[in-house]
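**Q**
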Amino acid sequence: MQLAKLSKGLRAAYSGSNVVSRVRHFDGWTERAASDDVGFSAYDHAETVREYYDLCSEFMVFGWGESLHFTPLAPGESLEESKIRHQRRMIGKLELQEGMTIVDIGCGIGGPMRRVVREAGVRVVGINSSEVQLEKAKALNAEAGIEHLVDYVACSFMDMSDIEDGTFDRGYAIESTCHAPDKAGAFAEIYRVLRPGALFWGQEMCLTDKFNPDDAGHQTVRRRLQHGIALSEIATMDEVNRALEEAGFLVDEVKDLAVEEVDATVPWYRPMERRHGNLGAALSRIPLGRKAFIGASRLAEALGAFPKGSADVVSFMDRTADAYVEGGRMGIFTPLCCFLARKPS
Numbered sequence: 031m032q033l034a035k036l037s038k039g040l041r042a043a044y045s046g047s048n049v050v051s052r053v054r055h056f057d058g059w060t061e062r063a064a065s066d067d068v069g070f071s072a073y074d075h076a077e078t079v080r081e082y083y084d085l086c087s088e089f090m091v092f093g094w095g096e097s098l099h100f101t102p103l104a105p106g107e108s109l110e111e112s113k114i115r116h117q118r119r120m121i122g123k124l125e126l127q128e129g130m131t132i133v134d135i136g137c138g139i140g141g142p143m144r145r146v147v148r149e150a151g152v153r154v155v156g157i158n159s160s161e162v163q164l165e166k167a168k169a170l171n172a173e174a175g176i177e178h179l180v181d182y183v184a185c186s187f188m189d190m191s192d193i194e195d196g197t198f199d200r201g202y203a204i205e206s207t208c209h210a211p212d213k214a215g216a217f218a219e220i221y222r223v224l225r226p227g228a229l230f231w232g233q234e235m236c237l238t239d240k241f242n243p244d245d246a247g248h249q250t251v252r253r254r255l256q257h258g259i260a261l262s263e264i265a266t267m268d269e270v271n272r273a274l275e276e277a278g279f280l281v282d283e284v285k286d287l288a289v290e291e292v293d294a295t296v297p298w299y300r301p302m303e304r305r306h307g308n309l310g311a312a313l314s315r316i317p318l319g320r321k322a323f324i325g326a327s328r329l330a331e332a333l334g335a336f337p338k339g340s341a342d343v344v345s346f347m348d349r350t351a352d353a354y355v356e357g358g359r360m361g362i363f364t365p366l367c368c369f370l371a372r373k374p375s
């Protein structure tokens, strides 16, 4: 059942394109970014990020669920339970009230959005440059019966010029602004579309204080993460704080919930390292299961069930998962730099 759903989703996402060529092109993005000359063919990082999600989203949902983000993990919780707890933390921090209009910056396929709408009784506008993800979000929101409470804007959060100043009561960005080629610029554009006094909650992927730029091993893992997740750069938590302030926000808190969440004693990367939660769901995430799934994907390609090139996507996602785990074990990387900021009244 799940594999049939995945097969259908992949065909819709890839739309008969040459996936092998697309993966090869994506794999060269860091070289293009480093060597590109200014001009007509200037490197566009937004295009790289869009391609990353267009290629990977269906596999992400298959292995991780509809909420495509990391979360503090507590003993005895499943991954899904931890994500629900984490999203409810965000809802509480934002002090959401029924009738508000909220902007979801980089909404993905709308997992957190559906919880926000259902539990807070608000209207949400999802911002996303990936048409593939937006179509998936629309279908899932319709299944959930909340389509009348959600609107969508297909654009980059770096340029939301179709949205007027001071439109939204609240905003949140979950593992999206980490892709920004100019973090202060991204926060400034978000600042613009929020109303005075609005709260803004975000979750960033960051380097920790343990990262040593003179350590060759640390730099290797950083490069692997940056390449595999399509990050223009990986900021430190201090740099995130400064970028928020530069945009005009008053910063209430910036915390690494990987170390400051007292109930979360399970490392955030555990689901990609060894079994966490239900065995069936965990198998697709752990190293042995990921390797087996690469082989299964190649077989599915041969049988015509998966588009050709699907296994190449799974392979580079597997390499990125290894980099996540390595960065987490070293303590030099966290996907759980969470902040709360406000636009002055």
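Going left to right, the sequence shown walks through residues 31 to 375 as the numbering used here numbers them. Where a beta carbon is used, it is the ideal one built from N, C-alpha and C, also for glycine.
1) State yes or no: is the C-beta of Gly215 nearer than 7 Å to some heavy atom of the ligand FAD?
2) So Ala353 is in the alpha helix (DSSP H); what residue range does that whole segment cover?
3) When the distance is taken between beta carbons, is Val289 closer than 8 Å to Ile362?
4) Quick one: grab the DSSP three-state call for Asp245.
5) Whole beta strand (DSSP E) runs in the stretch 109-162 with 3 or more residues, listed along the chain?
6) When DSSP labels each residue in this structure, what does Cys185 get in the three-state scheme?
7) Relative to the C-alpha of Glu219, which residue among Pro297, Thr238, Glu194 is closest?
8) Can you tell me which of the three DSSP states Leu333 falls into?
9) DSSP three-state call for Phe100: helix, strand or coil?
10) Tell me whether Arg225 sits in a helix, a strand or coil according to DSSP, three-state version.
11) Check for me: the beta strand (DSSP E) holding Pro365 runs from which residue to which?
12) In terms of residue numbering, what span does the beta strand (DSSP E) encompassing Val296 cover?
13) Please say whether Glu125 and Leu229 have beta carbons closer to each other than 8 Å?
14) Quick check: what's the CA-CA separation for Leu40 versus His55?
15) Do the stretch 125-136 and the stretch 196-206 make contact, defined as three or more Cβ pairs closer than 8 Å?
16) Short check: CB of Leu36 to CB of Phe92, under 8 Å?
17) Taking Leu370 as the reference, give the member of Gly122, Ala322, Asn242, Gly358 with the closest Cα.
18) Please classify Asn48 as buried or exposed, where buried requires at least 16 neighbouring CB atoms within 10 angstroms.
19) Please report how far the alpha carbon of Ser314 lies from the alpha carbon of Ser345, in whole angstroms.
20) With distances taken Cα to Cα, identify the nearest neighbour of Gly196 among Glu276, Arg300, Arg225, Asp212.
21) Can you look up Glu234 in the DSSP assignment and give me helix, strand or coil?
22) Can you give me the C-alpha to C-alpha distance between Ser375 and Gly227, rounded to a whole angstrom?
**A** Short version:
1) Looking at this structure, you won't find the ligand FAD or any other ligand, since it has none at all.
2) Here the alpha helix (DSSP H) through Ala353 covers 340-360.
3) Not closer than 8 Å, so no.
4) coil
5) 131-135, 153-158
6) coil
7) Of Pro297, Thr238, Glu194, the residue nearest in Cα terms is Glu194.
8) coil
9) coil
10) strand
11) 363-372
12) No beta strand (DSSP E) holds Val296; DSSP gives it neither H nor E.
13) yes
14) Approximately 19 Å between the Cα atoms of the pair.
15) yes
16) yes
17) Gly122
18) exposed
19) 13 Å
20) Arg225
21) strand
22) 4 Å
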